[in-house]
Every structure is written in structure tokens, then in C-alpha cells.
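Asks: The structure's right below; bear with me while I get my questions together.
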Amino acid sequence: MRIGVALRLTAKYYKFMDTPLSQDSWRVFRIMSEFVDGFEALSGLGKAVSIFGSARVKPTDPYYQKSEQTARALVKAGYAVITGGGPGIMEAANKGASEAGGASVGLNIELPHEQKPNPYIKTSLSFRYFAVRKYMFVRFASAFVLFPGGFGTIDELMETLCLIQTGRSPKVPLVLVGRDYWEGLLDWLSKTVVAGDYITPEDLSLVTLVEEPEEAVEIIINI
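One point on numbering: in the working numbering, the residue at position 105 of the sequence shown is 125, and numbering is uninterrupted.
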């Protein structure tokens, strides 16, 4: 029996024991099973880039098209593409990767308003816990590309930055696409956060701002 399956069965056993301790125990086994499933599915992926961005972007949006172009170019350069598996920027990246004949990975999240996996995913995983999902994004990525997005995208940016800043993750390219969207945030970080000595200028230099897919891909392939 696979380890992930065994852990899920154990989790179900604890779930039906109606005490606070058993509920916490169930949660631990469920989290462990998600880690194991992720490791087993992605361990042979090779070089990969995690692409983040809004689920609300439509196919007619220029950023959708840029995400697709970025993924397509990354596949041609020998990279797999990892996304959150949903619509919008994620769908565009999976589409570009899939149509270019590359590995197209979607790490979906179980939400109250269900996010359905997009149709361009070749390797699909579903997570209940954001923490495990975010670990997989970071663990298997050689670089990160972030398009405009909401709280989820900004959370992924800040957590990745923090992990690199603190040495818990290796220093890899972290590329922001879209000057109009990201310049305000970088301006605030520079004029308020760096100026207040809360982070260093070197911390802020961990990110690179570009406008076009070719720029993002060039930075990644030249590491």
C-alpha cells in the first residue's frame, strides 16, 4: 500500500473519533499524506518554474496572453511549468506549457467555492492545506514568475521572498511581470520599508521587474 494512501486511511479513522485531540491527530495524518503525495508526484519533474497570478484574468486580457507565452518559452528552454491549477493566469501558463509539449503541473486547492482544475494540466494534485501546497510550489521550482493577482498572489510573493531572505530557500530568480501593476508595491517597499530599515536594499534586490515574457525567460535561463 502506498504511504499516502495509508496516511489518508489513518486520517479517516481519527476523524470519526469525536474528541479535540483525535481531530488534531486526523489533521496531522492528512497533512502528512498531502506531503507524501506531492513528493511522489513531483520528484522526477526536473527543472521547473512556478507561475503565479490572478484566477480572474480572462483569455482576452494581455496578461493571460503573456502568461501563455512565458510558459511556452520556458518549455522550449527545457523547464516544466507549475501553477495553482485554476483559471486565469494559471490556465494560461498550463495552456502554453501543454501546447508546447512540456510538463504542465497544477496544484489545486480545495475551497468552499470549488476551484476546478483547468483543462491544460497534465499532472494534477489537490490540496486541502495551503501550507503544503505552497511548500510544493517552492520545493520543486528553480525560479518564480508572478503576474498581477490578488491576496493569493501577493501571499505567494511575500512568503517566497521571506524564505529566500532567511536562507530557508536557495536564491533563485523571482520575476514580476507588469510594471503598471507592481511598481506601486515596489515603490512602497523602497520608500517605506527599506527607508525605515525594516529590510535591506539587498532584500529588495531579490525581485526583478519586467514587462515582457522574453525578459522573464531570459533572466531565468541565464541563472
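Quick reminder that beta carbons are idealized off the backbone N, C-alpha and C, glycines included.
Just so we're clear, the structure is a prediction, and the values are computed from it rather than from any experiment.
Spatial neighbours of LEU245 within its chain, please: CB distance less than 8 angstroms, with the 5 preceding and 5 following residues excluded, ordered by chain position.
Replies: Absent from the structure is residue 245, since the part of the chain shown begins at 21 and ends at 243.
Asks: Counting along the chain, where does the beta strand (DSSP E) carrying GLY104 start and finish?
Replies: Counting along the chain, GLY104 falls outside any beta strand (DSSP E), and DSSP gives it neither H nor E.
Asks: Give the straight-line distance between the Cα atoms of VAL101 and ALA117, rounded to the nearest whole angstrom.
Replies: Their backbone Cα atoms lie some 6 angstroms apart in a straight line.
Asks: What are the uninterrupted segments assigned as alpha helix (DSSP H) that are 4 or more residues long and contained completely in the region 45–125, given in chain order?
Replies: Taking only runs of at least 4 residues, the alpha helix (DSSP H) segments lying wholly in the region 45–125 are 82–96, 109–119.
Asks: Three-state secondary structure (DSSP) at LEU196?
Replies: Strand.
Asks: Taking 9 angstroms as the threshold (C-beta atoms), are VAL95 and ALA123 in contact?
Replies: Result yes, Cβ atoms of ALA123 and VAL95 sit closer than 9 angstroms.
Asks: Using only alpha-carbon positions, find the residue among VAL48, LEU196, LEU205, TYR201 that is nearest to GLU235.
Replies: Closest option to GLU235, Cα to Cα, is LEU196.
Asks: So what's ILE219 in DSSP terms, helix, strand or just coil?
Replies: ILE219: coil per DSSP, three-state reduction.
Asks: Taking the straight line between their C-alpha atoms, what separation do you get for VAL230 and LEU166?
Replies: Cα to Cα, VAL230 sits roughly 10 angstroms from LEU166.
Asks: What ranges does the beta strand (DSSP E) occupy inside the region 161–215, keeping only unbroken runs of at least 3 residues that lie completely in it?
Replies: The region 161–215 contains these whole beta strand (DSSP E) runs: 163–166, 194–197.
Asks: Helix, strand or coil for ILE141 per DSSP?
Replies: Coil, per DSSP.
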